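What follows is a single structure, written as structure tokens, with notes after it.
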Amino acid sequence: MSDSDRTQQKEQACSSEERKPRKKRAPPGEFDRQVEAVRKEMQAIKESLEETERKLQEAERLRNLHGSESKEEEGDAQQTGTSSEQLKR
Numbered sequence: 014m015s016d017s018d019r020t021q022q023k024e025q026a027c028s029s030e031e032r033k034p035r036k037k038r039a040p041p042g043e044f045d046r047q048v049e050a051v052r053k054e055m056q057a058i059k060e061s062l063e064e065t066e067r068k069l070q071e072a073e074r075l076r077n078l079h080g081s082e083s084k085e086e087e088g089d090a091q092q093t094g095t096s097s098e099q100l101k102r
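Okay, so the sequence shown: first residue is 14 according to this note's numbering, each after it adds one.
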């Protein structure tokens, strides 16, 4: 390959690189703004999760409390000969 062929290839390579559209840079502070938006979204999700966990714990506590009451009612009903459905009425 001659020097002129190599020079021509280099020129073609350079010109093809110049034709490629370059990615535009984000304006200053844009990255920080996006990071902060994601942090806020993550914090909101975390708070929502914590609230859901509190509600679940409360529901389990009430279920356990109600479950123990239901068992006592069923025990009383068996002793008196009435069903738990009749007790609810």
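Yeah, the Cβ is synthetic: ideal placement off N, Cα and C, and Gly gets one too.
All values derive from a computational prediction rather than experimental measurement.
- Here the alpha carbons of glutamate 60 and lysine 53 stand approximately 11 Å from one another.
- When only Cα atoms are considered, proline 34 and isoleucine 58 end up about 38 Å apart.
- Our two residues, proline 40 and arginine 46, have alpha carbons roughly 10 Å apart in a direct line.
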